[in-house]
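To start, the structure itself, in structure tokens.
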Amino acid sequence: ALVRRLEAAGAILVGALNMGEYAYDFTGENVHDGDSRNPHGAGHMTGGSSSGSGGAIAAGLVPLTLGSDTNGSIRVPSAFCGCFGLKPTYGRLTRAGSFPFVNSLDHLGPMTRSVADLALAYDAMQGPDPDDAVATARPAEPVLPGLDSGLGDLRIAVAGGYFARGGDPEAFAAVQVVARALSATRVVEIPEAARARAAAYLITAAEGAALHLDRLRTRPEDFDPAVRDRLIAGAMLPAPFVERAQRFRRWYRGAVADLFADVDVILAPSTPCRAPPRGQTHFTLDGVSLPVRANIGVFTQPISFIGLPVAAVPVWLDGGLPLGVQVIAAPWREDVALRVARVLERLGTVRAPIAELV
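Here's what the structure looks like:
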């Protein structure tokens, strides 16, 4: 449905791109079709699951791609590949016609090399759709006309606590670069973010397993072994665990909503590190060795868990690989997140250059 809306606005469909199997991936590695390669460093991960989408933007192949984001699959490749991404409010953009993963968490959104293109694509894709049961009935709310409105009196804060530990120093330095550019000095703590991430994992595993259960029984050998193992584990989760996760989700949504009574935007890292080398299975964060695939989304999962809109912006610190920062707004305030991203882009704080391919 989103492709049809883009085509109606004049876009030309070029083709399909690589991705992690069934969107259950943060790395960009794919045992069936080969790994996606990061144009800014071919030996490094693109991030996933929208791996080809991030790589195609960074390589300059196209100005616009679509991605899905269940737990971070737009924001992670945007960070690793150094491009802009938008994960809209849950239900804002129709998912009709896309292959599902976790119905209660799935989002679709654009990835681009400029904030203006992000806004242009987003506006073209807005609008109700009866073919997606969770699509909002809200009318389209164009963001492009107000994109250059500046910060005005927006109240911007940095996420502390959970979002200020458990990552490489460079990940937090990227947030501080953005915060200084915006003169943001306030710090807020998103409550129980670690529990939110754990609950997101439970719901993801359970819903994903339910979707694929018949295929797991009849075609288990066709799955990536790592994906198959996670889905089987999800199928074995006790129902009370998932019920508790959903109950917690309702509480958490209200607790985070309360923060937006005092702030308009919250800044947080997109990933805990730069893109790891392809094939790397573990990394060390805060002195602890952790599995790469399971922990790249440590900062994205608590946000998509309650469907908040996020503009993902790329930061370049020292000539190395890019990092990403999440510009998080209240539900339905994509306009605010994109305005802040636009200010950062115009200041030169964030940018999405085409990779120098050699």
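Position in the sequence shown (first residue = 1) + 21 = the numbering used here.
Virtual Cβ for every residue (Gly too), placed ideally from N, Cα, C.
With the cut-off set at 8 Å, would you say residue 360 and residue 366 are in Cβ contact? Taking the first residue of the sequence shown as 1, we reach residue 360 at position 339. Taking the first residue of the sequence shown as 1, we reach residue 366 at position 345. No.
Restricting to runs no shorter than 4 residues, where is the alpha helix (DSSP H) found entirely within the segment 184-213? Complete alpha helix (DSSP H) runs here, min 4: 190-202.
On the DSSP letters alone, give me the boundaries of the alpha helix (DSSP H) that residue 136 sits inside. The count along the sequence shown starts at 1 and reaches residue 136 at position 115. Looking at the DSSP string, the run of the alpha helix (DSSP H) that includes residue 136 is 136-146.
Is residue 112 close to chain D, meaning its C-beta is less than 8 Å from at least one C-beta of that chain? Of the chains in the structure shown, none is chain D; there is only one protein chain.
Would you report the Cα separation of residue 221 and residue 92, rounded to the nearest angstrom? Counting from 1 along the sequence shown, the entry for residue 221 is found at position 200. Counting from 1 along the sequence shown, the entry for residue 92 is found at position 71. Going by the C-alpha atoms only, they are around 8 Å apart.
Measuring only the C-alpha atoms, how far is residue 254 from residue 166? Here residue 254 is taken as the residue at index 233 of the sequence shown, counted from 1. Here residue 166 is taken as the residue at index 145 of the sequence shown, counted from 1. Approximately 47 Å between the Cα atoms of the pair.
C-alpha gap between residue 229 and residue 303, whole angstroms: Counted from its first residue, the sequence shown places residue 229 at position 208. Counted from its first residue, the sequence shown places residue 303 at position 282. Residue 229 and residue 303: Cα-Cα distance of roughly 24 Å.
I'd like to know whether the C-beta atoms of residue 348 and residue 288 end up nearer to each other than 8 Å. Here residue 348 refers to the residue found at position 327 when the sequence shown is read from its first residue. Here residue 288 refers to the residue found at position 267 when the sequence shown is read from its first residue. Closer than 8 Å, so yes.
With three or more beta-carbon pairs closer than 8 Å as the criterion, would you say the segment 254-268 touches the segment 284-299? Pairwise C-beta distances place the segment 254-268 out of contact with the segment 284-299, as fewer than three of them are shorter than 8 Å.
Could you check the C-alpha separation between residue 316 and residue 298 for me, to the nearest Å? Here residue 316 refers to the residue found at position 295 of the sequence shown. Here residue 298 refers to the residue found at position 277 of the sequence shown. Note on geometry: alpha-carbon atoms of residue 316 and residue 298 lie some 15 Å from one another.
Less than 8 Å between C-beta atoms, sequence neighbours within five positions excluded: which residues of the same chain meet that for residue 188? Here residue 188 refers to the residue found at position 167 of the sequence shown. The beta carbon of residue 188 is closer than 8 Å to those of 290, 292, 293, 294, 306, 307, 319 and 320 in its chain, skipping five residues each way along the sequence.
Taking the beta strand (DSSP E) that residue 349 belongs to, which residues open and close that run? Here residue 349 corresponds to residue number 328 of the sequence shown, with the count starting at 1. Secondary structure note for residue 349: its beta strand (DSSP E) is the uninterrupted segment 344-350.
To the nearest angstrom, report how far apart residue 174 and residue 42 are at their CA atoms. Here residue 174 corresponds to residue number 153 of the sequence shown, with the count starting at 1. Here residue 42 corresponds to residue number 21 of the sequence shown, with the count starting at 1. Residue 174 and residue 42: Cα-Cα distance of roughly 43 Å.
N- and C-terminal bounds of the beta strand (DSSP E) containing residue 178: Taking the sequence shown and counting its residues from 1, the one referred to as residue 178 is at position 157. Here the beta strand (DSSP E) through residue 178 covers 177-180.
Contact under 8 Å by Cβ, residue 107 with residue 143: Taking the first residue of the sequence shown as 1, we reach residue 107 at position 86. Taking the first residue of the sequence shown as 1, we reach residue 143 at position 122. Here residue 107 is near residue 143, since their CB atoms are less than 8 Å apart.
Is the CB-CB distance between residue 68 and residue 100 below 8 Å? Translated into the one-based positions of the sequence shown, residue 68 becomes position 47. Translated into the one-based positions of the sequence shown, residue 100 becomes position 79. Their beta carbons are under 8 Å apart, which means residue 68 touches residue 100 by this criterion.
Is the Cβ-Cβ distance between residue 26 and residue 145 less than 8 Å? As a working note, residue 26 is residue 5 in the sequence shown. As a working note, residue 145 is residue 124 in the sequence shown. Against a cut-off of 8 Å, the Cβ pair of residue 145 and residue 26 comes out as a contact.
Residue 106 bridges to which residues according to DSSP? For this step, residue 106 is matched to residue 85 along the sequence shown. Answer is 132 and 333.
Distance between residue 209 and residue 283 (C-alpha atoms, nearest Å): For this step, residue 283 is matched to residue 262 along the sequence shown. For this step, residue 209 is matched to residue 188 along the sequence shown. Cα-Cα distance, rounded: 10 Å.
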